[in-house]
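There are 2 protein chains.
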Amino acid sequence: MRSPPTHRGQSAPFVWEGGEVRAYKEQDGTFRSVTRQELTGEEHGQGTSLRYFEVGPGGHTTLERHEHTHVVVAIRGSGSALVVDRVLPLAPHDIVFVPSWGWHQFRAARDEPLGFLCAVVLDRDRPVLPRAEDLAVLRRDPVIAAFIRV
Amino acid sequence: MRSPPTHRGQSAPFVWEGGEVRAYKEQDGTFRSVTRQELTGEEHGQGTSLRYFEVGPGGHTTLERHEHTHVVVAIRGSGSALVVDRVLPLAPHDIVFVPSWGWHQFRAARDEPLGFLCAVVLDRDRPVLPRAEDLAVLRRDPVIAAFIRV
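Written as structure tokens, this is what we have:
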């Protein structure tokens with residue numbers, strides 16, 4: 001395990017030194033305009049990884065779920081999130097908790113990015129996408145039906 | 151384990167709903183003007199707790215060290231931190247990593263608070279304070295000598 005630096009400043013706002021701004025995940029058509037940066041990992045000794053995701057104006061993350069949980073803190077711009085069965089507005093420093101197997105999707109406002117910190121455990125399962133029957137259940141709620149992007 | 155809410159908004163900037171703004175720790179003369187809020191804990195399933203600490207203008211946390219690590223993200227105001235053997239300036243979204251047994255102390259600017267998120271593992275040891283010989287070693291560096299408050 002390499003010894004991590006004690007400090008990561010920013011080379012530009014929301015761009016941390018000593019890392020890379022990466023694509024959110026492999027392009028698969030389920031998301032739009034999302035980048036990620038790994039901020040902490042195994043070498044920090046907490047069994048977790050802290051990442052920063054930024055969704056561009058009008059963009060969205062993948063609608064998905066998994067066994068592991070997310071602890072999310074919004075830190076830039078504005079947007080909203082589907083968490084389980086509710087669509088929540090998000091402003092800087094609002095906290096979202098995605099429980100085990102809860103459906104979730106993050107969307108930026110039309111004219112602003114949405115940037116958020118997201119903590120996960122290192123040893124975690126892969127996300128699963130909604131099947132047609134999952135989407136049918138989610139769309140029973142008109143607010144969720146209008147919100148989700150697949 | 152109670153089921154946590156999926157969302158914690160703010161009743162005022164940097165005051166999260168569904169919790170309390172508490173004293174940093176029992177008053178012992180080692181810190182000045184610090185509050186804490188517990189943001190996540192055992193019920194979030196990551197084996198960690200995320201806390202928000204706010205140091206008032208001119209205030210400071212306790213100079214201490216321990217086996218467990220800290221992952222810190224500054225989110226409000228400005229200040230600086232001793233981490234191991236360096237004094238680092240802190241601006242919003244700068245990240246500080248306090249390694250195992252590293253001395254650390256956070257100070258706010260004279261005219262601004264310093265607010266930061268701090269992640270720790272739930273199962274952790276208690277901090278220890280510097281002995282006279284530890285202080286003597288720290289004070290060999292004039293920057294650290296001028297920085298620390300005990």
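For the protein sequence lines, the chains are A and B, in the order given. Numbering-wise, the first sequence is residues 1 to 150 according to the numbering used here. Numbering-wise, the second sequence is residues 151 to 300 according to the numbering used here. Note that beta-carbon positions come from the ideal geometry of N, C-alpha and C, so glycine has one too.
* Asked: If B:R186 sits next to B:F203, beta carbons under 8 Å apart, how far is it from one beta carbon to the other, in whole angstroms?
  -> 5 Å
* 8 Å contact criterion, which A:I95 and B:L264 should meet: CB distance rounded -> With a Cβ gap of about 20 Å, A:I95 and B:L264 do not count as contacting.
* For B:I139, return the contacting residues in chain A, with the cut-off set at a CB-CB distance below 7 Å. => Since the first residue shown for chain B is 151 and the last is 300, residue 139 of chain B is missing from the structure and cannot be characterised.
* Just checking my contact of B:T219 with A:G9 at CB under 8 Å: how many whole Å lie between their CB atoms? -> The Cβ separation is near 19 Å, so there is no contact.
* **Alpha-carbon spacing of A:S78 relative to A:Q105, whole angstroms** => 14 Å
* **B:V234 in three-state terms, based on DSSP** => coil
* In three-state terms, what does DSSP make of A:A109? -> coil
* Roughly how many angstroms lie between the CA atoms of A:A136 and B:A269, to the nearest whole one? -> 38 Å
* To do: Take the Cβ of A:L122 as the centre, count every other Cβ of all protein chains shown within 10 Å, and call the residue buried at 16 or more, exposed below.
  => exposed
* Say yes only if the C-beta of A:S33 is nearer than 7 Å to one or more non-hydrogen atoms of the ligand ADP, and no if none qualify. => As far as ligands go, the structure on display features none, and thus does not contain the ligand ADP.
* Is B:V293 helix, strand or coil when you go by DSSP? -> helix
* Asked: How long is the line joining the alpha carbons of B:L200 and B:L267, rounded to whole angstroms?
  -> 7 Å
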